[in-house]
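Student: To convert, note that position 220 of the sequence shown is 801 in this note's numbering; the numbers rise steadily by one, no gaps.
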Amino acid sequence: DAIDFAKHLYDSVRINQRLDINVHTDTFHACAQRLLKTQDALINRGERSARINIEDRKKLDKDILPYFATMGVGAITTAKLEDYINDLTSERKLSPSTLSKHLVVIRKVLNEARKQGFINALPLFPTIRRKDNPRPYFTDVEYKKLRETAKELAEQDIKVRYVPLTEEIRDFIIFHVNVFVRPSDLKLLKHKHVRVVKETKAKYLLITPPSSKTVMRESASMEVAVTVYERLKARHEKDGLASDDDYVFFPQYRNREYALQTIRRQIEFVLEKAGLKYDRLDKPRTIYSLRHTALMFRFIKGDKVDIFMLARNALTSVDQLERFYLSHAESRMKIENLQSMA
Numbered sequence: 582d583a584i585d586f587a588k589h590l591y592d593s594v595r596i597n598q599r600l601d602i603n604v605h606t607d608t609f610h611a612c613a614q615r616l617l618k619t620q621d622a623l624i625n626r627g628e629r630s631a632r633i634n635i636e637d638r639k640k641l642d643k644d645i646l647p648y649f650a651t652m653g654v655g656a657i658t659t660a661k662l663e664d665y666i667n668d669l670t671s672e673r674k675l676s677p678s679t680l681s682k683h684l685v686v687i688r689k690v691l692n693e694a695r696k697q698g699f700i701n702a703l704p705l706f707p708t709i710r711r712k713d714n715p716r717p718y719f720t721d722v723e724y725k726k727l728r729e730t731a732k733e734l735a736e737q738d739i740k741v742r743y744v745p746l747t748e749e750i751r752d753f754i755i756f757h758v759n760v761f762v763r764p765s766d767l768k769l770l771k772h773k774h775v776r777v778v779k780e781t782k783a784k785y786l787l788i789t790p791p792s793s794k795t796v797m798r799e800s801a802s803m804e805v806a807v808t809v810y811e812r813l814k815a816r817h818e819k820d821g822l823a824s825d826d827d828y829v830f831f832p833q834y835r836n837r838e839y840a841l842q843t844i845r846r847q848i849e850f851v852l853e854k855a856g857l858k859y860d861r862l863d864k865p866r867t868i869y870s871l872r873h874t875a876l877m878f879r880f881i882k883g884d885k886v887d888i889f890m891l892a893r894n895a896l897t898s899v900d901q902l903e904r905f906y907l908s909h910a911e912s913r914m915k916i917e918n919l920q921s922m923a
């Protein structure tokens, strides 16, 4: 027992020595710490969202560093990367998207090592084949039915998990389909993050998500969102919950995770009652289907919509729009062109 203990103690001392970034500057661990420090600087300058380090640190601490920490960056080869992916998938059933995100973090660390001059080039990275699943959304008819069902249910004094289902959930549905931000951003949205703009030719909201998944920038809404927002604000003013620091939706709940859970449960209840829980391909609809509907309506109903500008406004990328939304919209968008006459 003493010999076994001594061996483990020796190994742990050696590992700690290897992780000393002041001594072993070329280890994966040292380069990972430099990456996080570099990204911290970008966050402090407002060039990146704070979420980037939170998400990267999670993957590093849980899986990547336990595997690569003590390795010198020059020793990380394509074979080592493949071994890492194989080990991950043997232990847990991770989606191709998640595996790709792990490789992105590793690539960033190795790029940091290249900047420091520890390696001249990156190894070839394994290819993770992904099958894109177009997002479920609501057609015009389905969206109308959803709104009407929410309105009818709000008049029936119904409670979902002890929380009254009111007109607010209908307003949330309409608001979400007329703005382009994520539900995770809406849960934290305060009145100070929303600016009403009324111009001669346009009326819209300028929304600055407080904790966006990507970079910080404004997102403009459709005109209907202005009416819904003003109605919401007037309703909450009666309860003294419409100051700049109050939340736009369900401001009575300071715990915003609980607020989002409440909204999600009520949306799912309305979907069930409306018979809209699944789309025609039997894919389940969720609260995110409202955002997907907002984007799809722009593809289908918009007049020559600039996809680049739409992606920026939705705080996402053109690649995401093409992979997850355009596959739905292309055939509908091509009909007018297909049936046109010279």
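From the three backbone atoms N, C-alpha and C, an ideal C-beta is built for every residue, glycine too.
Using three-state DSSP, classify G653 as helix, strand or coil.
Tutor: Translated into positions along the sequence shown, residue 653 becomes position 72. If DSSP states are grouped into helix, strand and coil, G653 belongs with the strands.
Student: State the start and end residues of the unbroken alpha helix (DSSP H) segment that holds Y665.
Tutor: Indexing the sequence shown from 1 puts residue 665 at position 84. Segment 659 to 672, the alpha helix (DSSP H) holding Y665.
Student: I'd like to confirm the pairing. Which residues does DSSP put opposite P745 in its beta bridges?
Tutor: Stepping through the sequence shown from its first residue, residue 745 is reached at position 164. DSSP output for P745 lists K740 as bridge partner(s).
Student: Whole angstroms is fine: what's the gap from T925's alpha carbon to I657's?
Tutor: The requested residue 925 is not part of the displayed model; the chain covers only 582 to 923.
Student: With respect to the alpha helix (DSSP H) encompassing L616, which residues constitute its N-terminal and C-terminal limits?
Tutor: Stepping through the sequence shown from its first residue, residue 616 is reached at position 35. Here the alpha helix (DSSP H) through L616 covers 609 to 625.
Student: With distances taken between CB atoms, is the gap from F830 to A823 smaller than 8 Å?
Tutor: By 1-based counting over the sequence shown, the position of residue 830 is 249. By 1-based counting over the sequence shown, the position of residue 823 is 242. Against a cut-off of 8 Å, the Cβ pair of A823 and F830 comes out as no contact.
Student: Looking at the structure shown, is S800 part of a helix, part of a strand, or coil, going by DSSP?
Tutor: Numbered from its first residue, the sequence shown carries residue 800 at position 219. Three-state DSSP puts S800 in a strand.
Student: Cα-Cα, which of R866, C612, Q737, L871 is closest to K696?
Tutor: By one-based count along the sequence shown, residue 696 stands at place 115. The residue with the shortest Cα to Cα distance from K696 is C612.
Student: Tell me the DSSP bridge mates of P865?
Tutor: As a working mapping, residue 865 is identified with position 284 in the sequence shown. Bridge partners of P865: Y859.
Student: Quick one: Cα of V685 to Cα of P790, how far?
Tutor: Within the sequence shown, the letter at position 104 stands for residue 685. Within the sequence shown, the letter at position 209 stands for residue 790. Going by the C-alpha atoms only, they are around 25 Å apart.
Student: Less than 8 Å separating the beta-carbons of V741 and S802?
Tutor: To locate residue 741, count along the sequence shown from 1; it is residue 160. To locate residue 802, count along the sequence shown from 1; it is residue 221. Cβ distance not < 8 Å, so V741 and S802 don't count as in contact.
Student: Name the one or two DSSP bridge partners that R776 has.
Tutor: In the sequence shown, the residue the question calls residue 776 occupies position 195. Note: R776 sits in a beta bridge opposite L787.
Student: Could you spell out where the alpha helix (DSSP H) holding F889 opens and where it closes?
Tutor: Position 308 of the sequence shown, counting from 1, holds the residue named residue 889. Its alpha helix (DSSP H) spans residues 888 to 894.
Student: Using a Cβ-Cβ cutoff of less than 7 Å, which residues in the same chain neighbour L616 once the five nearest sequence positions on both sides are dropped?
Tutor: Stepping through the sequence shown from its first residue, residue 616 is reached at position 35. Excluding sequence neighbours, L616 sits near K689, V690, E693.
Student: Going by C-alpha to C-alpha distance, which of M890, A892, L734 sits closest to E849?
Tutor: The sequence position of residue 849 within the sequence shown is 268, counting from 1. That would be L734, whose Cα lies nearest to the Cα of E849.
Student: Hey, out of K782, L727, H757, R866, whose CA is closest to A895's CA?
Tutor: By one-based count along the sequence shown, residue 895 stands at place 314. A895 has its Cα closest to that of H757, out of K782, L727, H757, R866.
Student: Can you give the Cα-Cα distance for F706 and A622, rounded to whole angstroms?
Tutor: Within the sequence shown, residue 706 is the residue found at index 125, counting from 1. Within the sequence shown, residue 622 is the residue found at index 41, counting from 1. Rounded to whole angstroms, F706 to A622 spans 27 Å at the Cα level.
Student: Taking the C-alpha atoms as reference points, what is the distance between R872 and G655?
Tutor: What you label residue 872 is simply residue 291 of the sequence shown in a count that begins at 1. What you label residue 655 is simply residue 74 of the sequence shown in a count that begins at 1. Near 44 Å, if we compare the C-alpha coordinates of G655 and R872.
Student: So, for Y834: in the same chain, excluding its five sequence neighbours on each side, which residues have a beta-carbon less than 6 Å away from its beta-carbon?
Tutor: One-based indexing of the sequence shown puts residue 834 at position 253. Excluding residues within five positions, the ones whose Cβ falls inside 6 Å are A840.
Student: Pop quiz: V807 and L787 are said to be a contact at Cβ under 8 Å. What is the actual Cβ separation, rounded to whole angstroms?
Tutor: Here residue 807 corresponds to residue number 226 of the sequence shown, with the count starting at 1. Here residue 787 corresponds to residue number 206 of the sequence shown, with the count starting at 1. The Cβ separation is near 11 Å, so there is no contact.
Student: Measure the alpha-carbon distance for T874 versus K726 and round it to whole angstroms.
Tutor: On the sequence shown, position 293 is the one that residue 874 refers to. On the sequence shown, position 145 is the one that residue 726 refers to. Approximately 14 Å, taken between the alpha carbons.
Student: Could you pull out every residue in the same chain whose Cβ sits closer than 7 Å to the Cβ of V762, ignoring the five residues on either side in sequence?
Tutor: Looking up residue 762 in the sequence shown gives position 181. I788, P790, S800, L896, listed in sequence order.
Student: For the putative contact between I633 and Q620, defined by C-beta atoms under 8 Å, what is the C-beta separation to the nearest angstrom?
Tutor: In the sequence shown, counting from the first residue as 1, residue 633 sits at position 52. In the sequence shown, counting from the first residue as 1, residue 620 sits at position 39. Right, the Cβ-Cβ distance comes to about 6 Å (below 8 Å), so this counts as a contact.
Student: State the beta-bridge partners of K768 as determined by DSSP.
Tutor: Residue 768 sits at position 187 when you count from the first residue of the sequence shown. K768 pairs with nothing; no bridge assigned.
Student: Can you pull the DSSP bridge partners for Y828?
Tutor: Counting from 1 along the sequence shown, the entry for residue 828 is found at position 247. BP columns for Y828 point to K771.
Student: Please name the residue in K732, P764, Y743, Q737 whose C-alpha comes closest to that of E749.
Tutor: Against the sequence shown, residue 749 aligns to sequence position 168. It is K732 whose Cα lies nearest to the Cα of E749.
Student: Answer with buried or exposed for R866, where buried requires no fewer than 16 other C-beta atoms within 10 angstroms of its C-beta.
Tutor: For this step, residue 866 is matched to residue 285 along the sequence shown. R866 should be labelled buried.
Student: Report all residues from its chain with a CB closer than 7 Å to the CB of V805; omit the five preceding and five following residues, and keep chain order.
Tutor: In the sequence shown, the residue the question calls residue 805 occupies position 224. The residues are I755, N759.
Student: Less than 8 Å between the CB atoms is what I'm expecting for L902 and I881, so what's the real figure, rounded?
Tutor: In the sequence shown, the residue the question calls residue 902 occupies position 321. In the sequence shown, the residue the question calls residue 881 occupies position 300. The pair is not a contact, with the Cβ atoms about 13 Å apart (cut-off 8 Å).
Student: Quick check on the burial criterion: 16 or more other C-beta atoms within 10 angstroms. Buried or exposed for A660?
Tutor: Within the sequence shown, numbered from 1, the residue matching residue 660 stands at position 79. Per the 10 Å Cβ criterion, exposed.
Student: Using the Cα positions of R716 and T670, report the straight-line distance between them to the nearest angstrom.
Tutor: As a first step, residue 716 must be located in the sequence shown, where it is residue number 135. As a first step, residue 670 must be located in the sequence shown, where it is residue number 89. Straight-line Cα distance between these residues: approximately 25 Å.
Student: Is it right to say P832 is buried, meaning 16 or more other beta carbons lie within 10 angstroms of its own, or is it exposed?
Tutor: Residue mapping note: residue 832 aligns to position 251 of the sequence shown, counting from 1. Buried: at least 16 other Cβ atoms inside 10 Å.
Student: Alpha carbon to alpha carbon, what distance is there between E672 and I645?
Tutor: In the sequence shown, the residue the question calls residue 645 occupies position 64. In the sequence shown, the residue the question calls residue 672 occupies position 91. Each residue's Cα considered, the two are about 14 Å apart.
Student: Taking the alpha-carbon positions, what's the D664 to F699 distance?
Tutor: Locating residue 664 in the sequence shown gives position 83, counting from the first residue. Locating residue 699 in the sequence shown gives position 118, counting from the first residue. Taking the straight line joining both Cα atoms gives about 22 Å.
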